[in-house]
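Data block below; observations after.
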Amino acid sequence: MRRDARPANVARVSAPSSEPPGSRDPVTFEEARERLRSRGYLDRGVEGAVLKGALAARNRTLGLLFGAAVASLFLALALATVETVAVALASSLAPRDALVLFAWLGAGALLAAGVLVLLLAALAWLRMRGRGDPSGVSTELAIVFGVLAGVGAVLAARPVLDAAGPLAALVALGAAAFAVVLAVRVARGLAFTVLAASGRAVFSRAPRPAFALGAALAAVALAAGGWLLLRRAPPADEPLVVRSSAARAVLVAVDGWIPDAVTDAAPLAARVRLRYRKETSDPAAFWTTVATGEPARRHGVGALELVRLDGLVAPVRLTAGTGWYLGRLLPALGLAREESVTSAARRVPAVWEVAHRGGLASLVVNWWTTWPADDAGGVVLGNHLFFAARAGAKLEGEGWPPEAAARAARLVVREAAHRPGVGRLVADARGLDAFAIAAFRQEVARTRPRLSLVYLPGLDILGAALSEPDRTVSDRLALATALGEETRTIASFLAGPDVLGGDADLVAVVVDRGRSAVTGELLLSGRLAAAAVTGEVSPVDLAPTLLAALGVPASRQTAGKVDTRLLREGVASDATVASWGRKRPGGGPALDPEEYVENLRSLGYLR
Amino acid sequence: MLHSPALRAAPSGQETEPRTVPLDLPQTLSRVRSAVDARLPELLERGPTAGLPGDVLDPLPPAARDALLSPGKRVRPGLVFLSGALFGAKEERLLDAACAVEMVHAASLALDDLPSMDDATTRRGRLALHTVHGEDLAILAGVTLIVRAFGVLADSGLSSTRPATALDLVSRLADASGLWGLASGQSLDLRTGEAEASFDRLETIHARKTGALFVAAAEFGAVLGGARPKELAAVRSYAKNVGLAFQIVDDLLERQDPARTGKHARRAPTPTFARHVGEEGARRLVRELTLHAIEALEPFGARAAHLCEFASLLRDRTA
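Those sequence lines, one after another, are chains P and V.
So the number in this note's numbering is just where the residue sits in the first sequence, counting from 1, plus 249.
So the number in this note's numbering is just where the residue sits in the second sequence, counting from 1, plus 715.
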């Protein structure tokens, strides 16, 4: 017997007597449509937003435009979702900030989506003209768009997959899958809109394959991401058992060009000289790679700059393809401002933190991403300490332990007045190096740390300023003179007892040739260094190699590996651990970010 | 998807070789039309009194035959077949059900044309039934066709179709023909003048005069194919939208060129939707109804391609 409610085929047909008294007839098409809808017609889901435009518009062109606008909205939603998740996770944003970021990114994504939708509509139109049967065009476009969306979403989420924890990676993957499905739906809907607007006589379609494809793409994206996730998932921290040894290692980072004649001279003679090639010219990213053994996409310091958007409490990283929009356009419109990267941006432990965790006394001076300093890495004299001390500001967060920061601060001469023009730059660059060298010497002399690092940016700052085209002749002369003097200062330091001329068992000097260079040079000396090595060295291998020389087990999860060529035979520890553990979340006091940025800007790092 | 072998049994003589490839829609509809046209006289002639000597003197069979076999598009049988194909119903089971629907439709045309109703002199370009056989025989022919339609369904329950399913079809056809369908729609139509032709009244008339049988036809195919309630609802929604679109297109065609429909009625035609929303508005309603009908079939995917195309064909027809 009949299985549906009776009378099924007329159930929604109103009897004439049921007409509401006084109900007037529709006077517009829209009213007629609504009246029919209330009587059981037009109720099977074509209210899907993309189609609605085509159906409701007064003519085909308007219908197409309206449909494209709605499609753009949906596509923007997909783009903004993926980007928001990626940027929010990479920047460790609070939920409220993530929502504000979503609004910002949504606005930008709308522009990009508009262009994509126009392309998609044109493609649909061309495909439809190119074949007699329009059936399947929507499916074809859904396939193309789904693949593009899938690749884009996975690329956007990749930094999170690479470096974040399982939960964050799952969220990123979920967003990617959502974006793929939505993109497939938009592509199909828009193609359908184009077909509807075209007024083709034959209008059949096969929507299922598109949905199935969308689901398949999402599944593939999830599977690929899941595989990456499982591959990269950090196992539980293992105890870091350091081989007993009394070896001392020193790593000096010279950012800037030193003439070969200087490094070839006898005082700087090293047992090993190897060239390396950089993956990034950004100093913060490169020197963090040197200090962590991880490429930028994994250590998280992808660029020097962060951006603080209006309405956001925390700054955001420029990732997931948002660089131009967040880093250029919005600041240019006065809707965002630059900030510089801090230790909070770094997602993996640096060598000084690994050494400290292994029980080795360590010292780091003026290295990138050491501000704000905490107790996770031995003695840390942060890369803002010089400016804070010179300005007579509070030293909270500038170094660890606080007494070490105070000792270092006493090495800084308080600034009486700002020098004008290039004189200020020269004073800052040379003053920063001089402070770093003095603080390094002071702490090495005090504690004889097993691992000590110092970063000297003066040559790069002066060299970059000298290469600026709008410098006057007198400025150039002053800068060139300062460069020469600084080169001698650094050469003297390198040749001195704290570096190559001292008793450290392994001394590594990374001469980077500055931010504009793509190659640099590694000088190795000390009794643990190999006698003769040729070829190139990879910057990511420096940190594991340095730690291995001190008996610290290598991390199997770290991208960099121990380069045994660089060490004397038998020196490198064979021991490994699953990982060196996770970096402790950044904290510390809040420095006025604008002051920090201003200091970096004065050194020529920021525009 | 409709394939040819089952319809090959139809004595149309048009198909001589087995085919295994799916037919396109025009081919399918053509074959359905041939099969139905061949089966209708068989169903009319077969019965307990068939072959009795007195038959030759009875003027009713020729009248009924004329009413039934006048040239037509066989839209409703086509809908039965396409709907049944969606659910994999066997075509031989669909044929008699499709003929039953067509019988009721033919009866409604014969009765509509009567002087007491539309008072039409021509239908489909030919003389109206009552002008050839007389008003009395036209009434009797209409009644005969309706009764025979239910008989055909009952017969199917005694042979090829499960009795419960046959009863289901009988119930649906009764709904579509009587107080909630054709008869009611015609009654309302007759009593609706210019002043009473509100938008809602017109919709009710169309839903009952045209939509109800469209819905029944689509349901027949679905029921014979064993559709589940949700699937049945989707097919019903499709037919409901297509039925109204079909009627609006009919009205538009008649408005453009009254001769094109082949019907000449003395009674003033019922106002149409175009009176309320204009011709362009009516066309847009047709487009929307058609698209929604297609959308209703989305759960069936590519399997519903023929039904989707069928809706488009009805939308874009010119006669």
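Note that beta-carbon positions come from the ideal geometry of N, C-alpha and C, so glycine has one too.
- Message: Tell me which residues of the region 900 to 923 of chain V have at least one Cβ-Cβ distance to chain P shorter than 7 angstroms, keeping chain order.
- Response: Leu903, Ser913, Phe914, Asp915, Arg916, Glu918, Thr919, Ala922 and Arg923
What is the DSSP secondary structure of His605/P, counted as helix, strand or coil?
What you label residue 605/P is simply residue 356 of the first sequence in a count that begins at 1. The answer is helix: DSSP assigns His605/P an H, G or I state.
>> Looking only at its chain, what residues have a beta carbon closer than 7 angstroms to the beta carbon of Arg1032/V, apart from the 5 residues adjacent to it on each side?
In response: Along the second sequence, one-based indexing puts residue 1032/V at 317. Answer for Arg1032/V: Val964, listed in chain order.
* Spatial neighbours of Leu868/V within its chain, please: CB distance less than 6 angstroms, with the 5 preceding and 5 following residues excluded, ordered by chain position. => Start at 1 with the first residue of the second sequence, and residue 868/V comes out as number 153. The answer, listed in chain order, is Ala815, Ala881, Leu884 and Val885.
Is Leu1000/V helix, strand or coil by DSSP? The count along the second sequence starts at 1 and reaches residue 1000/V at position 285. Residue state, collapsed to three classes: helix.
- Message: Nearest by alpha-carbon distance to Val435/P: which of Thr388/P, Leu404/P and Leu795/P is it?
- Response: As a first step, residue 435/P is located in the first sequence; it is residue number 186 there, counting from the start. If we check each option's Cα against that of Val435/P, Thr388/P comes out closest.
Please decide whether Ala281/P counts as near chain V, where near means a Cβ-Cβ distance under 7 angstroms. Stepping through the first sequence from its first residue, residue 281/P is reached at position 32. Interface residue, yes.
_Tell me which residues share the same chain as Leu466/P and place their Cβ nearer than 6 angstroms to its Cβ, disregarding the 5 neighbours each side in the sequence._
Along the first sequence, one-based indexing puts residue 466/P at 217. So the qualifying residues of the chain are Gly395, Gly399 and Val429.
Practice problem: Measure the C-alpha to C-alpha separation of Leu342/P and Val349/P and round it to an integer number of angstroms. | Solution: Taking the first residue of the first sequence as position 1, residue 342/P is located at position 93. Taking the first residue of the first sequence as position 1, residue 349/P is located at position 100. The straight-line gap from Cα to Cα measures roughly 10 angstroms.
Buried or exposed by the 16-neighbour rule on C-beta atoms within 10 Å, applied to Ala912/V
By 1-based counting over the second sequence, the position of residue 912/V is 197. Buried.
* Residues bridged to Glu222/P [DSSP beta-bridge criterion] -> Given that chain P is displayed from residue 250 to residue 856, the structure contains no residue 222/P and the question cannot be resolved.
- Message: Tell me the rounded alpha-carbon separation between Phe935/V and Ser871/V.
- Response: Stepping through the second sequence from its first residue, residue 935/V is reached at position 220. Stepping through the second sequence from its first residue, residue 871/V is reached at position 156. Those two C-alpha atoms are separated by around 13 angstroms.
ask   = What number of angstroms, rounded off, separates the C-alpha of Val819/V from the C-alpha of Leu860/V?
value = As a first step, residue 819/V is located in the second sequence; it is residue number 104 there, counting from the start. As a first step, residue 860/V is located in the second sequence; it is residue number 145 there, counting from the start. When rounded, the distance between both Cα atoms is 6 angstroms.
Less than 7 angstroms separating the beta-carbons of Leu783/V and Ala812/V?
-> Within the second sequence, numbered from 1, the residue matching residue 783/V stands at position 68. Within the second sequence, numbered from 1, the residue matching residue 812/V stands at position 97. Contact flag unset, no.
Would you please state the rounded distance, in angstroms, between the beta carbons of Ser822/P and Val801/P? I believe it to be under 8 angstroms. Within the first sequence, the letter at position 573 stands for residue 822/P. Within the first sequence, the letter at position 552 stands for residue 801/P. Between Val801/P and Ser822/P the Cβ distance is about 7 angstroms, and since that is below 8 angstroms, they are a contact.
Closer than 8 angstroms is the cut-off here; do at least three beta carbon pairs connect the region 717 to 729 of chain P with the region 626 to 643 of chain P? no
- In whole angstroms, what separates the C-alpha of Gly926/V from that of Leu1004/V? By one-based count along the second sequence, residue 926/V stands at place 211. By one-based count along the second sequence, residue 1004/V stands at place 289. Rounded to the nearest angstrom, the two C-alpha atoms are 12 angstroms apart.
* Asked: Anyone know if the C-beta pair for Arg522/P and Arg557/P falls short of 7 angstroms?
  -> Translated into positions along the first sequence, residue 522/P becomes position 273. Translated into positions along the first sequence, residue 557/P becomes position 308. In this structure, Arg557/P does not lie closer than 7 angstroms to Arg522/P by Cβ.
request  = Using three-state DSSP, classify Leu732/P as helix, strand or coil.
outcome  = On the first sequence, residue 732/P is found 483 positions in, with the first residue counted as 1. If DSSP states are grouped into helix, strand and coil, Leu732/P belongs with the helices.
| What do you reckon, are the CB atoms on Gly803/V and Leu744/V nearer than 7 angstroms? | Along the second sequence, one-based indexing puts residue 803/V at 88. Along the second sequence, one-based indexing puts residue 744/V at 29. Taking 7 angstroms as the Cβ cut-off, Gly803/V and Leu744/V do not qualify as a contacting pair.
Going along chain V in order, which residues have a C-beta closer than 9 angstroms to the C-beta of Arg858/P?
-> In the structure displayed, chain P extends from 250 to 856; residue 858/P sits before or after that span and is not available.
Exercise for review: Identify whether Ser871/V lies in helix, strand or coil by the three-state DSSP scheme.
Suggested key: Along the second sequence, one-based indexing puts residue 871/V at 156. Ser871/V falls in the helix class under three-state DSSP.
Going along the chain, which residues of its own chain have a beta-carbon closer than 7 angstroms to the beta-carbon of Thr813/P, five neighbours each way excluded? Taking the first sequence and counting its residues from 1, the one referred to as residue 813/P is at position 564. The answer, listed in chain order, is Ala821.
Next on the checklist: Any beta carbon of chain V sitting closer than 7 angstroms to that of Phe315/P?
Outcome noted: The residue you call residue 315/P lines up with position 66 of the first sequence. Not an interface residue.
So, is the C-beta of His718/V closer than 7 angstroms to a C-beta in chain P? As a working note, residue 718/V is residue 3 in the second sequence. Only weak support is given to the placement of His718/V: the predicted model assigns it a pLDDT of 44, under 50, and the value that follows is read from those uncertain coordinates. Cβ-Cβ to chain P under 7 angstroms: no for His718/V.
Report task. For chain V, find out if any of its Cβ atoms is closer than 7 angstroms to the Cβ of Phe323/P; answer yes or no. Result -> In the first sequence, the residue the question calls residue 323/P occupies position 74. Cβ-Cβ to chain V under 7 angstroms: no for Phe323/P.
task = Using the DSSP secondary-structure output, state which residues sit across from Tyr525/P in a beta bridge.
result = The sequence position of residue 525/P within the first sequence is 276, counting from 1. Gly769/P and Val786/P.
Is the number of C-beta pairs between the region 629 to 645 of chain P and the region 538 to 546 of chain P that are closer than 8 angstroms three or more? no
request  = Please decide whether Glu806/V counts as near chain P, where near means a Cβ-Cβ distance under 7 angstroms.
outcome  = Within the second sequence, the letter at position 91 stands for residue 806/V. Output row for Glu806/V: interface = no.
*Per DSSP, which residues does Val703/P bridge with? Please list them.*
Within the first sequence, residue 703/P is the residue found at index 454, counting from 1. In the DSSP output, where bridge partners are listed per residue, Val703/P has Val501/P and Val614/P.
Worksheet entry | Simplified DSSP state of Arg789/V, which is helix, strand or coil | Here the question's residue 789/V lines up with position 74 in the second sequence. Coil.
>> Taking DSSP's pairing of strands, which residues face Val758/P in a bridge?
In response: If you number the first sequence from 1, residue 758/P lands on position 509. Val758/P pairs with Val501/P and Leu772/P.
- Item | Secondary structure of Ala424/P, DSSP reduced to three states | Locating residue 424/P in the first sequence gives position 175, where the first residue counts as 1. DSSP places Ala424/P in helix when its eight states are reduced to three.
### Message
Here's a check: name, in chain order, each residue in its chain whose Cβ is nearer than 6 angstroms to the Cβ of Gly940/V, leaving out the five neighbours to either side.
### Response
The residue labelled residue 940/V in the question sits at position 225 within the second sequence. Around Gly940/V: Gly799, Phe802, Gly803 and Ala804.
**Request:** Give a yes or no on whether the minimum CB-CB distance between Val1001/V and chain P is below 7 angstroms.
**Result:** Numbered from its first residue, the second sequence carries residue 1001/V at position 286. False, the Cβ-Cβ gap to chain P never drops below 7 angstroms.
query = Can you tell me whether DSSP reads Leu350/P as helix, strand or coil?
reply = Looking up residue 350/P in the first sequence gives position 101. In this structure, Leu350/P counts as helix in the three-state DSSP scheme.
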